[in-house]
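First residue of the sequence shown? That's 116 in the numbering used here, and the numbers climb one at a time after it.
Ideal placement from N, C-alpha and C gives every residue a C-beta, glycine not left out.
Below you'll find the structure, written out as structure tokens, and then a few comments.
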Amino acid sequence: MREATKILVFRLVWFLCIHVPPMFCANVTYDHRALLIDGNRRLFISGSIHYPRSTPQTWPDLIQKSKDGGLDVIETYVFWNFHEPVRGQYYFEGRGDLVNFVKLVAAAGLYVHLRIGPYACAEWNYGGFPLWLHFIPGIKFRTDNEPFKAEMQRFTAKIVDMMKQENLYASQGGPIILSQIENEYGNIDKPYGAAGKSYIKWAASMATSLNTGVPWVMCQQPDAPDPMINTCNGFYCDQFTPNSNAKPKMWTENWSGWFLSFGGAVPYRPVEDIAFAVARFYQRGGTFQNYYMYHGGTNFGRTSGGPFISTSYDYDAPIDEYGIIRQPKWGHLRDLHKAIKLCEEALIATDPTITSLGSNLEAAVYKSGTVCAAFLANIGTSDSTTNFNGNSYQLPAWSVSILPDCKNVVLNTAKINSASTTSSFITQSLKLKEDGGGALEDSSSEWSWISEPIGISKNGSFSKFGLVEQINTTADRSDYLWYSLSIDFEDDVSAQTVLHIESLGHALHAFINGKLAGSGKGNSGNAKVNVDIPITLVAGKNTIDLLSLTVGLQNYGSFFDTWGAGITGPVTLKGLKNGTTIDLSSQQWTYQIGLQGEDLGLSSGSVGQWNSQSNLPKNQPLTWYKTNFVAPSGNDPVAIDFTGMGKGEAWVNGQSIGRFWPTYVSPNSGCATSCNYRGSYSSSKCLKNCGKPSQTLYHVPRSWLQTDSNTLVLFEESGGDPTQISFATKQIGSLCSHVSESHPPPIDMWNSDSESGRRSGPVLSLECPNPKQIISSIKFASFGTPSGTCGSFNHGSCSSNKALSIVKKACIGSSNCKINVSIDTFGDPCRRVTKSLAVEASCT
Ligand code: GAL
Numbered sequence: 116m117r118e119a120t121k122i123l124v125f126r127l128v129w130f131l132c133i134h135v136p137p138m139f140c141a142n143v144t145y146d147h148r149a150l151l152i153d154g155n156r157r158l159f160i161s162g163s164i165h166y167p168r169s170t171p172q173t174w175p176d177l178i179q180k181s182k183d184g185g186l187d188v189i190e191t192y193v194f195w196n197f198h199e200p201v202r203g204q205y206y207f208e209g210r211g212d213l214v215n216f217v218k219l220v221a222a223a224g225l226y227v228h229l230r231i232g233p234y235a236c237a238e239w240n241y242g243g244f245p246l247w248l249h250f251i252p253g254i255k256f257r258t259d260n261e262p263f264k265a266e267m268q269r270f271t272a273k274i275v276d277m278m279k280q281e282n283l284y285a286s287q288g289g290p291i292i293l294s295q296i297e298n299e300y301g302n303i304d305k306p307y308g309a310a311g312k313s314y315i316k317w318a319a320s321m322a323t324s325l326n327t328g329v330p331w332v333m334c335q336q337p338d339a340p341d342p343m344i345n346t347c348n349g350f351y352c353d354q355f356t357p358n359s360n361a362k363p364k365m366w367t368e369n370w371s372g373w374f375l376s377f378g379g380a381v382p383y384r385p386v387e388d389i390a391f392a393v394a395r396f397y398q399r400g401g402t403f404q405n406y407y408m409y410h411g412g413t414n415f416g417r418t419s420g421g422p423f424i425s426t427s428y429d430y431d432a433p434i435d436e437y438g439i440i441r442q443p444k445w446g447h448l449r450d451l452h453k454a455i456k457l458c459e460e461a462l463i464a465t466d467p468t469i470t471s472l473g474s475n476l477e478a479a480v481y482k483s484g485t486v487c488a489a490f491l492a493n494i495g496t497s498d499s500t501t502n503f504n505g506n507s508y509q510l511p512a513w514s515v516s517i518l519p520d521c522k523n524v525v526l527n528t529a530k531i532n533s534a535s536t537t538s539s540f541i542t543q544s545l546k547l548k549e550d551g552g553g554a555l556e557d558s559s560s561e562w563s564w565i566s567e568p569i570g571i572s573k574n575g576s577f578s579k580f581g582l583v584e585q586i587n588t589t590a591d592r593s594d595y596l597w598y599s600l601s602i603d604f605e606d607d608v609s610a611q612t613v614l615h616i617e618s619l620g621h622a623l624h625a626f627i628n629g630k631l632a633g634s635g636k637g638n639s640g641n642a643k644v645n646v647d648i649p650i651t652l653v654a655g656k657n658t659i660d661l662l663s664l665t666v667g668l669q670n671y672g673s674f675f676d677t678w679g680a681g682i683t684g685p686v687t688l689k690g691l692k693n694g695t696t697i698d699l700s701s702q703q704w705t706y707q708i709g710l711q712g713e714d715l716g717l718s719s720g721s722v723g724q725w726n727s728q729s730n731l732p733k734n735q736p737l738t739w740y741k742t743n744f745v746a747p748s749g750n751d752p753v754a755i756d757f758t759g760m761g762k763g764e765a766w767v768n769g770q771s772i773g774r775f776w777p778t779y780v781s782p783n784s785g786c787a788t789s790c791n792y793r794g795s796y797s798s799s800k801c802l803k804n805c806g807k808p809s810q811t812l813y814h815v816p817r818s819w820l821q822t823d824s825n826t827l828v829l830f831e832e833s834g835g836d837p838t839q840i841s842f843a844t845k846q847i848g849s850l851c852s853h854v855s856e857s858h859p860p861p862i863d864m865w866n867s868d869s870e871s872g873r874r875s876g877p878v879l880s881l882e883c884p885n886p887k888q889i890i891s892s893i894k895f896a897s898f899g900t901p902s903g904t905c906g907s908f909n910h911g912s913c914s915s916n917k918a919l920s921i922v923k924k925a926c927i928g929s930s931n932c933k934i935n936v937s938i939d940t941f942g943d944p945c946r947r948v949t950k951s952l953a954v955e956a957s958c959t
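As structure tokens, this is what we get:
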């Protein structure tokens, strides 16, 4: 740039900085209490959305739903291996269009926390590291190692520069108020010793030197050097304190649920517990909290980490995998955010004064000048009543009451005013597109297929004495590596031979003389495979073809990049004639990286010699299948139900929707019928779907579909029946709410000027998810002591006989309705009992 242009640009930026709204050109700093925007302390609610886990078409909607849910900030990692698949070759298009994502967040008026890492973890393949990094001579990841530091610095600087070029830092008028370097290194740094300590110092000064103009954080890094803010990750962070009194208390990952693994049950986290954790955090001095995840999304393609991370990354987040608001989680947290914001002025003004109100009861008061806000917590597992400032307060077990005026309760974390919804997948028959046009019902003849050869079939195979490690061999270009051996037996071989295989993981299929003899798989706790497969050998030449496969590369742990995979042995034949065992491990094996079909590009559906005779092979291992289909009509989110298939990968119109594995079933035990939110949560506390396949439904983004003809290609490893595949659309079913006489009034009735709003009683509100809908039926209504959950409410021993007609009158025909939960509305069916109103409605 010429000097004159530079001056002009500078003047322009200066002009904009002075004249545009406060969000822009902000000076972001921090002190002991909070992040400061232009010198003003701010209280922030943030949520994670990882841009490659959804499609750009859905980003605006996801961001809007986040804003409506009360978020101020969107947090995302930057995924190095997604952006630099080949060293020096960058990809920032499509789902990788980071700049567009950040701009969309800004357009919605929200801020961004950019976690550059560039190590991410995140259940993402190899923790976000590109595989080529592993092959740089002398490299050691995440430690004081020159080749690693050079690459880490190069990529971090590249991202920072990109953001600067687009003026995306708050200091330039953009939305980015915070950045992260590294990720939870403090959790795993011990084995790295002194080199780990100096690495963190280096990372901090390298990041600082990039001059972003906004603060940097290091999460789970108690020794984060100044000026890095060390932050907390976990299910609870109220007990956390940063490593300096000059830094604010920040929570970068509040896990809203947990991730799913193939072979695991589906985790969920009750909203009462998350709300409790969030309220406790702000009660004890926190001023920035982020939901990990607010929208989890989908691990498309081969992006999932692991091993064994499922394709769904739903996370039980407030916005579900398909972009639908999860109720009452989203709504209750939105109410909570409003309640906390009502306290913002007091919260940022001072430190809390914390006192005990009795066993397991704790009050925090933020009082400064004329403002006063209080949080009353019951951290025990039984309900309590307590006295505070001369008034009596009921405090349900494991809950926090929020008092924005130190007197009236605007919200209790265990009392949900928000309505809940049920949603379900409705099966749509797989309509297959006939060449001539019309849609056909499912029929085998509409599938075509190609058999993937067993063993070595393509050029570029190589032979070597001994067994090789898989990741070093494939560089993760494919999940698959063939290990093949041909072995001669001169005379009769015993019928009871056992092929013993030991592998670092993650799964394998063994073929003897061209037939699948057995398989083995690890699990998310232990990726190793150790199998004994009974086989039959023949006199003369025998072929042993072992297909080893990875299911997402390790993303967490000390030195995780070196853990390895594949059949490293020993591989033996046990019980040969005379009971002898022979070790095949150091024989000359022939290796093939990947599949023939991968090299041919069969996934596109447009190349290859597809067989379309009527004898469609079913339950045949190593088969590619292809069909055409018509997209389910409407706008509801689409999934493919892979029940009937074994394991593999699927592509819709050439785009990989991820690995499918509906035959991996979770253990039978570990699921409680209902999960008690009271008491500490852990990732295995609340599980559902025990004894069932971990994942049968796989998201197909609407934007990947054409209305008319679409191609679906599958690669099936172990054997399945594609004619059983169906489509499903996700639809909202019932709308429910259950509000008691002891609930606080709706949060929106809080008005600091009028006592009346605060004194009004509890209200049950229903609102159809879509504003164009109306409430068409009331399936259940009971005032008294009803119990149960949405879809299965029951009347209790006490119930008003007027409830149904009153609710019908108030709600039917409207898109929303509100009913006072009070004996003034319903009469009193049972005196001296706290009553509640439960309603199930449906909208059309
Ligand atoms: C954290 C990590 C995240 C994610 C999370 C579990 O330890 O920082 O990236 O992996 O665990 O979902």
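- According to DSSP, Glu955 shares a beta bridge with Cys851 and Phe895.
- The Cβ atoms of Ala454 and Val525 lie closer than 8 Å to each other.
- When Tyr241, Val583 and Ile291 are compared, the shortest CA-CA separation from Gly672 is found for Tyr241.
- In the structure shown, the three-state DSSP call for Tyr300 is helix.
- Excluding residues up to 5 positions away in sequence, Val653, Asn657 and Thr658 lie with their Cβ nearer than 7 Å to the Cβ of Asn628 in the same chain.
- The Cβ atoms of Ala380 and Cys883 do not sit closer than 8 Å to each other.
- Counted as a single uninterrupted DSSP element, the beta strand (DSSP E) harbouring Lys630 occupies residues Lys630 to Lys636.
- Burial state of Phe744 is buried, judged by a 10 Å Cβ sphere holding 16 or more other Cβ atoms.
- When distances are taken from the beta-carbon of Ala318 to the heavy atoms of the ligand GAL, even the shortest one reaches 7 Å or more.
- Proximity of the beta carbon of Cys801 to the ligand GAL is not indicated: no heavy atom of the ligand is located closer than 7 Å.
- Rounded to the nearest whole angstrom, the CA to CA distance from Pro363 to Cys945 is 50 Å.
- Membership of Lys762 in any beta strand (DSSP E) is not indicated, and neither H nor E is assigned to it by DSSP.
- Cα atoms of Leu248 and Leu710: separation of roughly 24 Å, rounded to the nearest angstrom.
- In the structure shown, the three-state DSSP call for Leu600 is strand.
- Residue burial annotation: Phe580 is exposed, with fewer than 16 other C-beta atoms found within 10 angstroms of its C-beta.
- DSSP, reduced to helix, strand and coil, places Gly242 within a helical segment of the structure shown.
- Remark: C-beta atoms of Asn414 and Arg168 approach each other more closely than 8 Å.
- Counting every other CB atom within 10 Å of its CB across the protein chains shown gives Pro385 a total of 16 or more, marking it as buried.
- Here the region 825-842 does not lie against the region 526-537, with fewer than 3 beta-carbon pairs under 8 Å apart.
- The region 216-232 makes contact with the region 285-300: 3 or more CB pairs, one atom from each, lie closer than 8 Å.
- In this structure the region 811-819 does not touch the region 722-736; the number of beta carbon pairs closer than 8 Å is below three.
- For Ser181, no beta strand (DSSP E) run applies; the uninterrupted alpha helix (DSSP H) run containing it begins and ends at Trp174 to Asp183, by DSSP.
- A direct Cα-Cα distance of roughly 15 Å separates Pro330 from Thr271.
- In the DSSP assignment, Tyr481 falls within the unbroken beta strand (DSSP E) covering Leu476 to Ser483.
- Taken through DSSP and simplified to helix, strand or coil, Glu882 comes out as strand.
- The DSSP-derived three-state label of Tyr166 is helix.
- Cβ-Cβ distances below 6 Å link Ser599 to Gly570, Ile571, Asp660 and Thr705 in the same chain, with the five nearest sequence neighbours on each side left out; the list follows chain order.
- The DSSP-derived three-state label of Asp276 is helix.
- Proximity of the region 581-600 to the region 667-683 meets the contact definition, three or more beta-carbon pairs being nearer than 8 Å.
- Taking a 10 Å sphere around the C-beta of Asp341, we find fewer than 16 other C-beta atoms and assign the residue as exposed.
- Between the region 411-427 and the region 473-481, the count of C-beta pairs closer than 8 Å stays below three; the two stretches do not touch.
- Annotation for Cys347 indicates a beta carbon at 7 Å or more from all heavy atoms of the ligand GAL.
- Distance from Ile469 to Thr402 at the Cβ level is roughly 16 Å; contact not present, criterion being Cβ atoms closer than 8 Å.
- In the same chain as Thr612, and ignoring 5 residues on each side of it, the C-beta atoms closer than 8 Å to its own belong to Pro649, Ile650, Thr651, Leu652, Leu688, Lys689, Gly690 and Leu691, in chain order.
- Excluding residues up to 5 positions away in sequence, Pro860 and Met864 lie with their Cβ nearer than 7 Å to the Cβ of Ser875 in the same chain.
- Annotation: Gly154 to Ile160 spans about 19 Å, alpha carbon to alpha carbon.
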